[in-house]
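Single-structure report; data block below.
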Amino acid sequence: MQNHVPFLLYSLMLFPLAIAVLSLINRWPGLFKKFIYPAVIVLIAGSLALLAIPLKGTPIFVAADFSWVEQAMLVIEVLLAVYLLWLALKRKDLIVTALLVVQTSILLFFHFGAGHHAHAEANLFLDLFSVIMALIIGVIGSLIAMYAVGYMEDFHEHHAEVKDRRPLFLGLIFIFLSAMFGVCFSNNLMWLLFFWEITTVCSFLLIGYKGDEQSITNSFLALRWNLLGGLAFLLGIVILFKNCHTIELNQMMTLSKSLVMLPVALLCFAGITKSAQLPCSSWLVGAMVAPTPVSALLHSSTMVKAGVYLVLRFAGQLGGTTLGLFVAMIGLATFLIGSFICISQNDGKKILAYSTIANLGLIILCAGVGTYEAVWAGILLIIFHAIAKGLLFLCVGAIEHQTGSRQVEDMTGLIVRLPKIAVMLQIGIAGMFLAPFGMLISKWAVLRAIVDFSPFMAVFLIFGSAATLFFWVKWIGKILIVDRVYEKIETRLPSGQMIAMGTLSVLTVLICGCFAVVAHYMIDPYVAAIYGNVTVLSQGNVVVMGIMLLMVCLFPVTFLDYGSGVKMADPYLGGANVGTGNQYRGALAVKDMEMKNYYLDDYFNEGRLMTLGVMLGVIFSLGLIVWGGM
Amino acid sequence: MNIWILIVYLFGAPIVGGLLAGLDRKVTARMQSRMGPPILQPFYDVLKLLKKETLVVRPSQTLYMEFFFILTIFTGALFFSGGDLLLIIFALTLACVFFVLGGFKASSPYSFIGAHREALQMMAYEPALLMVAVGMYMVTKSFQVIDIIKYPTPLIVVLPGIFFAFFFILPIKFRKSPFDLSTSHHAHQELVKGILTEFSGKTLALIEVAHWYENVFVLGLVYLFFASNVWLGLSMALVVFLAQMLIDNASARVRWQAMLGSAWLVALVIGGINIIYLMARG
Amino acid sequence: MSMLSKSPWIIHYDGSSCNGCDIEVLAALMPRYDLERFGILNTGNPKHADILLLTGSINEQNKSVVLNIYNQMPNPKVVIAVGICATSGGVFRECYNVLGGADKVVPVDVYVPSCPIRPEALIDAAVKALGILEKKRVDLKTGDMILNSK
Numbered sequence: 003m004q005n006h007v008p009f010l011l012y013s014l015m016l017f018p019l020a021i022a023v024l025s026l027i028n029r030w031p032g033l034f035k036k037f038i039y040p041a042v043i044v045l046i047a048g049s050l051a052l053l054a055i056p057l058k059g060t061p062i063f064v065a066a067d068f069s070w071v072e073q074a075m076l077v078i079e080v081l082l083a084v085y086l087l088w089l090a091l092k093r094k095d096l097i098v099t100a101l102l103v104v105q106t107s108i109l110l111f112f113h114f115g116a117g118h119h120a121h122a123e124a125n126l127f128l129d130l131f132s133v134i135m136a137l138i139i140g141v142i143g144s145l146i147a148m149y150a151v152g153y154m155e156d157f158h159e160h161h162a163e164v165k166d167r168r169p170l171f172l173g174l175i176f177i178f179l180s181a182m183f184g185v186c187f188s189n190n191l192m193w194l195l196f197f198w199e200i201t202t203v204c205s206f207l208l209i210g211y212k213g214d215e216q217s218i219t220n221s222f223l224a225l226r227w228n229l230l231g232g233l234a235f236l237l238g239i240v241i242l243f244k245n246c247h248t249i250e251l252n253q254m255m256t257l258s259k260s261l262v263m264l265p266v267a268l269l270c271f272a273g274i275t276k277s278a279q280l281p282c283s284s285w286l287v288g289a290m291v292a293p294t295p296v297s298a299l300l301h302s303s304t305m306v307k308a309g310v311y312l313v314l315r316f317a318g319q320l321g322g323t324t325l326g327l328f329v330a331m332i333g334l335a336t337f338l339i340g341s342f343i344c345i346s347q348n349d350g351k352k353i354l355a356y357s358t359i360a361n362l363g364l365i366i367l368c369a370g371v372g373t374y375e376a377v378w379a380g381i382l383l384i385i386f387h388a389i390a391k392g393l394l395f396l397c398v399g400a401i402e403h404q405t406g407s408r409q410v411e412d413m414t415g416l417i418v419r420l421p422k423i424a425v426m427l428q429i430g431i432a433g434m435f436l437a438p439f440g441m442l443i444s445k446w447a448v449l450r451a452i453v454d455f456s457p458f459m460a461v462f463l464i465f466g467s468a469a470t471l472f473f474w475v476k477w478i479g480k481i482l483i484v485d486r487v488y489e490k491i492e493t494r495l496p497s498g499q500m501i502a503m504g505t506l507s508v509l510t511v512l513i514c515g516c517f518a519v520v521a522h523y524m525i526d527p528y529v530a531a532i533y534g535n536v537t538v539l540s541q542g543n544v545v546v547m548g549i550m551l552l553m554v555c556l557f558p559v560t561f562l563d564y565g566s567g568v569k570m571a572d573p574y575l576g577g578a579n580v581g582t583g584n585q586y587r588g589a590l591a592v593k594d595m596e597m598k599n600y601y602l603d604d605y606f607n608e609g610r611l612m613t614l615g616v617m618l619g620v621i622f623s624l625g626l627i628v629w630g631g632m
Numbered sequence: 032m033n034i035w036i037l038i039v040y041l042f043g044a045p046i047v048g049g050l051l052a053g054l055d056r057k058v059t060a061r062m063q064s065r066m067g068p069p070i071l072q073p074f075y076d077v078l079k080l081l082k083k084e085t086l087v088v089r090p091s092q093t094l095y096m097e098f099f100f101i102l103t104i105f106t107g108a109l110f111f112s113g114g115d116l117l118l119i120i121f122a123l124t125l126a127c128v129f130f131v132l133g134g135f136k137a138s139s140p141y142s143f144i145g146a147h148r149e150a151l152q153m154m155a156y157e158p159a160l161l162m163v164a165v166g167m168y169m170v171t172k173s174f175q176v177i178d179i180i181k182y183p184t185p186l187i188v189v190l191p192g193i194f195f196a197f198f199f200i201l202p203i204k205f206r207k208s209p210f211d212l213s214t215s216h217h218a219h220q221e222l223v224k225g226i227l228t229e230f231s232g233k234t235l236a237l238i239e240v241a242h243w244y245e246n247v248f249v250l251g252l253v254y255l256f257f258a259s260n261v262w263l264g265l266s267m268a269l270v271v272f273l274a275q276m277l278i279d280n281a282s283a284r285v286r287w288q289a290m291l292g293s294a295w296l297v298a299l300v301i302g303g304i305n306i307i308y309l310m311a312r313g
Numbered sequence: 224m225s226m227l228s229k230s231p232w233i234i235h236y237d238g239s240s241c242n243g244c245d246i247e248v249l250a251a252l253m254p255r256y257d258l259e260r261f262g263i264l265n266t267g268n269p270k271h272a273d274i275l276l277l278t279g280s281i282n283e284q285n286k287s288v289v290l291n292i293y294n295q296m297p298n299p300k301v302v303i304a305v306g307i308c309a310t311s312g313g314v315f316r317e318c319y320n321v322l323g324g325a326d327k328v329v330p331v332d333v334y335v336p337s338c339p340i341r342p343e344a345l346i347d348a349a350v351k352a353l354g355i356l357e358k359k360r361v362d363l364k365t366g367d368m369i370l371n372s373k
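Chains as they are written, first to last, in our numbering: chain A, 3 to 632; chain B, 32 to 313; chain C, 224 to 373.
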């Protein structure tokens, strides 16, 4: 099987590209509906095949020594830069222009200056962490791509004003998937940077897909931050090469902490921009104007994970250093602020965006702490978050198309109106915060790790976690309420959408049921290889978790008993019920009863918290870079 | 041995919890210079409720409460079999989430606001509760109740701040003033009966018994602070319970702003100082 | 014996009373009489109540409210008409908008005719109601009960 590794890696990176080309040259959108299923199956099978490779903590390196590849990458990068420059000049966006000019000149200087000495022995590699990331990209990514086909058809029916550029849309999605595989297989940092920038461009173009003023503005906001991250990335590589004469990830890990401090700091900053940590969080919130599959794929499940992936890679270098402390502080601040802001939000997608930012903050926190427990918890968080959040975005997208609104306030009675989607939405939400489910297992592990590292940080973590509880529970509550007679409006969704959401729902429960197995085969060896130690959750606790999961899974069974031994009555309205019983006689007329959620806006105001968060973020990021430079 | 404790807990907790509830009503009545009901009154109430019809607004609302009941017992069972304190708190949260969802599902304005306030209350007490686990872990180096209980000196000596933060949020768990926002044991509040408004008959009985289990569990947590001596622990648990009654009768219900603000502030400042002290102590 | 008689919970509804009877009802709950020593609680919520205390006469305005509250109480349940107005309409009986006593809308089990009632009378009525409550429970169990809501 070892011999097949290069082939497998190449094909995982090239196959989505081929699909993308096919989509871009194809003028007939109907065709895509046909070949999406085989494509998805191949992609999922390909990423599952990675599991067959016997990896025991030691990575497999693939030389992939093609000189033309680097030339091609440079050409593509310059071409993209020119294209973006043109767009930026057209919009008179000086920041983007400046960033592009600076970055491209540094890139060219580096390439033609020291560049031809910069040679990597192995351009690609594969270890268990890469496999986990590849599985997330392959399985969740292709499911979301499948969802996108049906969704975009609906989308253009709902939004006649948006130009139908579906081939471009799907093409970009698959180019993005290809680049994401590249990100997690690259050992050569120049390659990693190349794929990194490709994801940036895909994200930029997809956010601006609708083409209205808002979308374009937000896409440029995202571009600005990501280019800044890219610049930091490039500077990190240049400095690394200057000081240590290497551009390889694996060698960077083995160098002494003091030597690589500045490169690590810069690369971490790049990761922080990509995963929308404070102070850069605003771009991710703005990115929610994009069609929902984009939000699900790029802005919650995969692309933003590239950032945390990179930072988590450096956990070994960050652990126990002041640098690590700064990274951890950024993560902690982001988690707190993100969770608090969620309480005051009504827009479903915005809640998901802020909660994504918050959870990524938790992973960044783990990376900054850098102990074996923390890294273990961080990887677990990546897995569970990708599944549950992907599912939630898809559900909100489907709800928006069926009811015309994605506001939480408009989701009253969803359980009657859209029973299937409502149940899946609930599974997703439960997966995000409830006890036996994934995110809580991870949060538990995080808490343990942080308590061992610094109990004082744990105190703040606890407050963020309490806030999470509140906003999720009131969302589920809203879905469950049936305050009047509702008609079922659920129409049949395109099967691709249904399959994607269904699979993710099953995965949410399933992965959490066998998380001990996943942890044992996937995470433990990886962590053990770095730290030589992995005992995070004891056997007994895992069993207890299993029992709890079983109990929660039994809950739907009780619905067999629905309505037995009880008598229906009107809700108590001070005796003033009239009509259907859900109406009451007010002073002037008969009124429907209405229930609105609490948003506690005086306490968890978005603007105020964000200002505070950006200030904290700027301070900690400056600390990170300055300390790295010292 | 564990299995015996579990059996004693399963059958003993509702009896102890019910008697405590009876004691509560008696003492409260005396504080208001009334005679008060018999000490067994809570049992009479529950047995009566079992004989009554169960009225619902939405049929599934009772199912959530049944799970609240089961999970509350489960939480206590984990605790009394010496499990992991963090896990126990998460199990309690799970149980309470079912409780809140039941309140939402009932689809009535009063239970809706009650459910919201219950969720707010959970948000308010969660930090203090988790801080108890963190503080005990820092001292005893274990999250397992079974290890914490073996610690030779009373934990209160090194955890006074955390105990205060915990004591501060206890009225929420006992549903006592000043923090009985979501539902109250006393008749008539501005929300009728808050989250419990739409629950009647058997379901209400179930909730009441679950609440007894919950109270015993919470007093168990109090006991942990004094666990080095059994009698000290038991008597302090009783003292804390009686203190709750005094506070209940001596204070008015506050608004949620005051509850959330004060509970978080106390946890952050007093609990936080305690944790800094523990860190400095090493 | 059933526990029904050991824990009767009441809901008190003031139809169009002059508040005389209401004050007396509340007085009965206060320390001097302390109804809670018999396990009686004023729940203020029909879903929890066993006994409906009605004061004041029934008029067009409160007819539906009384009926709603009665219908929202779980069986078995009893109704006590407290004071002469609730019993028959009292001095307001001939008013153009007054329908009469509580029994015009819901089946009344115990009448307490005075103006206003004394707390002792209320306690006596409650004891009588408990007997009826117990009988209704048995009837409900054997299925003989005729659900007599109008």
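C-beta: ideal position from N, C-alpha, C; glycine also.
Closer than 7 Å, CB to CB, is residue i near chain A or not?
i	result
C:Q295	yes
B:T85	yes
B:S139	yes
Taking 6 Å as the limit between beta carbons, can you name the residues of its chain near residue i, skipping five residues before and five after?
i	result
B:V253	A268, V271
C:P336	I307, T310
Residue i CB to nearest chain B CB: under 7 Å?
i	result
A:M459	no
A:D485	yes
A:T275	no
A:G363	no
C:L249	no
I need the straight-line Cα distance from residue i to residue j, nearest angstrom please.
i	j	result
C:S372	C:A348	Legend: pLDDT at C:S372 = 39, less than 50; position of this residue unreliable, no value from coordinates given.
B:T93	B:T234	6 Å
B:P68	C:G262	6 Å
B:E157	B:A126	13 Å
A:D526	A:V520	9 Å
C:V305	B:L227	28 Å
A:Y574	A:N584	9 Å
Short of 8 Å in beta carbon distance, which residues of its chain neighbour residue i, apart from the five on each side in sequence? Order them along the chain.
i	result
A:F171	A150, M154, L208, Y211, P293
Can residue i be considered in contact with the ligand SAH, in the sense that its beta carbon sits closer than 6 Å to one or more heavy atoms?
i	result
A:V410	With respect to small molecules bound, the structure shown includes none, and the ligand SAH cannot be examined in it.
Please report whether the beta-carbon of residue i lies at a distance below 7 Å from any beta-carbon of chain C.
i	result
A:G619	no
A:G581	no
What does residue i pair with, by DSSP beta-bridge criteria?
i	result
C:H235	C:L276
C:I281	C:G323
A:I62	A:L128
Within a Cβ cutoff of 7 Å, which residues of the same chain sit near residue i, ignoring the five residues on either side of it in sequence?
i	result
A:A90	V98, T99, L102
Query - Members of the segment 254-271 of chain C near chain B, C-beta cut-off 7 Å - result: Under the 7 Å Cβ criterion, the segment 254-271 of chain C contributes P254, D257, E259, R260, G262, L264, N265, T266, G267, N268, K270, H271.
Report task. Check distances from the C-beta atoms of the segment 228-240 of chain B to those of chain A and list, in chain order, the residues that come in under 9 Å. Result -> For the segment 228-240 of chain B, the beta-carbon criterion of a distance under 9 Å to any beta-carbon of chain A is satisfied by T228, E229, S231, G232, K233, T234.
Query - Members of the segment 54-65 of chain B that neighbour chain C once the beta carbon cut-off is set at 9 Å - result: Per Cβ criterion, the list reads R56, A60, Q63, S64, R65.
Query raised in the report: When you check each C-beta in the segment 89-101 of chain B against every C-beta of chain A, which residues fall closer than 8 Å?
Result: Residues are counted here when their Cβ sits less than 8 Å from a Cβ of chain A; for the segment 89-101 of chain B these are R89, P90, S91, T93, L94, E97, F98, I101, given in chain order.
**Report entry** Where the segment 296-309 of chain B meets chain D: residues whose CB sits under 9 Å from a CB there
**Finding:** Considering every chain present, this structure includes no chain D. Its protein chains are A, B and C.
Query - Contact list for the segment 30-57 of chain A against chain C, Cβ threshold 8 Å - result: Within the segment 30-57 of chain A, no residue qualifies.
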